[in-house]
Amino acid sequence: MFAEKPAPTPKIRSEFFRKVSACSVVVAPAAPSESGWSSGKARDGSRTAAEVAAMKKSWLEQWLPRLTSDETPFSPYRVIWEMNRVFDRRNTMVTHDAGNPRDQIVPFYEAVTPRGYIGWGKSTHLGWGYGLMMGAKLAAPDKLSVNFMGDAAFGMTGMEVETAAREKIGLLTVLINNQGMGGYDRGYPTAVTEFNFSNLTGQYAKMAETLGAYGERVERPSDVGPALERAARITMEGRPALLEIMTRQEPVLSRFPSKNPRN
Ligand SMILES: Cc1ncc(C[n+]2csc(CCOP(=O)(O)OP(=O)(O)O)c2C)c(N)n1
Ligand SMILES: [Mg+2]
303 MFAEKPAPTP KIRSEFFRKV SACSVVVAPA APSESGWSSG KARDGSRTAA
353 EVAAMKKSWL EQWLPRLTSD ETPFSPYRVI WEMNRVFDRR NTMVTHDAGN
403 PRDQIVPFYE AVTPRGYIGW GKSTHLGWGY GLMMGAKLAA PDKLSVNFMG
453 DAAFGMTGME VETAAREKIG LLTVLINNQG MGGYDRGYPT AVTEFNFSNL
503 TGQYAKMAET LGAYGERVER PSDVGPALER AARITMEGRP ALLEIMTRQE
553 PVLSRFPSKN PRN
């Protein structure tokens, strides 16, 4: 017999978020002289807000076809669009793993509360999002806890599904299965073409089910929204869920122009 699991204490909660805040993205304010802070006057941010809104509108117009497209095989951007639409974002915490999933979700998922997005900068060891969001769920059990990861990332820590199922930690894994490591053909052409370096196979929804979680494979863009809703509901009952979403590889990323040729 196992002892009853104790309810998370405020200490677990505050300790988790203290550690996480240490690696979260921090948006630096403008220098004090530009912002008017040093003068003691109240700031009027309306001009900046209007400028940002106008830039955002034209940027989003360019991206909407990719975000909302019904073509198959479909893009991971459609999945992110559906996450924004389906989740109760006031009550949701999202992270992502390294690789294209990070680059794809950061510009487009809109967190609406502090810690609604738990970020960590440019890169980290693949697979860590699973453990991170188990911790977040323990700290804030009333929230939907989501990790957005690729198939290679899942390969690093996928056995943790068993931990979550055994301990009844209801987190939702949105696994982008593009059957490989996206974009590696550009960086490692010889390894990819001659040694099959970046291709991956596997049926991860089935794997999650055998480990005690809810698993579902999604193959059509119109099924993404309903599957997200279904799986999110299941996690709120204390069972981990994994959606294996079959997408194409998506090399197109939204970035500010950079002098660094790698970006
Ligand atoms: C443990 C570890 N190994 C290797 C890397 C380097 N790396 C960063 S992204 C990536 C490929 C990610 O592929 P996948 O998770 O399938 O996402 P995709 O880009 O295909 O959507 C690799 C190997 C890393 N960050 N961590
Ligand atoms: Mg992949």
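The opening position of the sequence shown corresponds to residue 303 in our numbering, with each subsequent residue numbered one higher. Cβ coordinates follow ideal geometry from the N, Cα and C atoms, glycine included.
Item checked: Alpha carbon of R522 to alpha carbon of T465, nearest angstrom -> Position 220 of the sequence shown, counted from the first residue, corresponds to residue 522. Position 163 of the sequence shown, counted from the first residue, corresponds to residue 465. If you take the alpha carbons of R522 and T465, they lie about 30 angstroms apart.
Review point. Do H427 and ligand 1 come close, with the Cβ less than 6 angstroms from some heavy atom?
Key: Numbered from 1 along the sequence shown, position 125 holds the residue referred to as residue 427. Placement of the Cβ of H427 at a distance of less than 6 angstroms from at least one heavy atom of ligand 1 is found.
Worksheet item: Would the beta-carbon of T370 fall within 7 angstroms of that of W361?
Response: Locating residue 370 in the sequence shown gives position 68, counting from the first residue. Locating residue 361 in the sequence shown gives position 59, counting from the first residue. With respect to W361, T370 sits apart: the two C-beta atoms are not nearer than 7 angstroms.
Checklist line | Same chain only: Cβ atoms within 6 angstroms of M458, ignoring 5 sequence neighbours per side | finding: Here residue 458 refers to the residue found at position 156 when the sequence shown is read from its first residue. Closer than 6 angstroms at the Cβ level, and outside the excluded window around M458, lie L428, G429.
State buried or exposed for M436, treating a residue as buried only when at least 16 other CB atoms are found within 10 Å of its CB.
-> Within the sequence shown, the letter at position 134 stands for residue 436. Buried is the call here.
Nearest residue (CA-CA) to G421, options V388, D453, V396: Within the sequence shown, the letter at position 119 stands for residue 421. Nearest of V388, D453, V396 to G421, Cα basis: V396.
key: Per-residue DSSP class, three states only, for T593   = This structure cannot settle anything about residue 593, because the visible part of the chain is limited to 303 through 565.
Worksheet item: For the candidate residues D399, P416, Y379, whose alpha-carbon lies nearest to that of R392?
Response: For the purposes of this step, residue 392 is identified with residue 90 of the sequence shown, where counting begins at 1. Ranking the options by Cα distance to R392, first place goes to P416.
Where do the ends of the alpha helix (DSSP H) carrying V554 lie? The residue you call residue 554 lines up with position 252 of the sequence shown. Boundaries for V554: no alpha helix (DSSP H) harbours it, and the DSSP string shows neither H nor E there.
According to DSSP, which residues form a beta bridge with N479?
The sequence position of residue 479 within the sequence shown is 177, counting from 1. Its beta-bridge partners are M548.
**Message:** What would DSSP say about E496, mapped onto helix, strand or coil?
**Reply:** Stepping through the sequence shown from its first residue, residue 496 is reached at position 194. Annotated three-state conformation of E496 is helix, per DSSP.
Check your understanding: For Y516, which three-state DSSP category applies?
Key -> If you number the sequence shown from 1, residue 516 lands on position 214. Y516: strand per DSSP, three-state reduction.
For A507, which of P409, V448, M548 has the nearest alpha-carbon?
Taking the first residue of the sequence shown as 1, we reach residue 507 at position 205. Out of P409, V448, M548, M548 has the C-alpha closest to the C-alpha of A507.
**Request:** Determine the extent of the beta strand (DSSP E) in which N449 is found, giving its start and end residues.
**Result:** Your numbering for residue 449 matches position 147 in the sequence shown. 446-452 is the extent of the beta strand (DSSP E) around N449.
Considering only the alpha carbon of each residue, which of D453, A438, G452 lies closest to L446?
Translated into the one-based positions of the sequence shown, residue 446 becomes position 144. L446 has its Cα closest to that of A438, out of D453, A438, G452.
| message | Can you determine whether any heavy atom of ligand 2 sits closer than 6 angstroms to the C-beta of A454, and answer yes or no? | response | Against the sequence shown, residue 454 aligns to sequence position 152. The answer is yes for A454.
N- and C-terminal bounds of the alpha helix (DSSP H) containing M385 | As a first step, residue 385 must be located in the sequence shown, where it is residue number 83. Start and end: 378-388.
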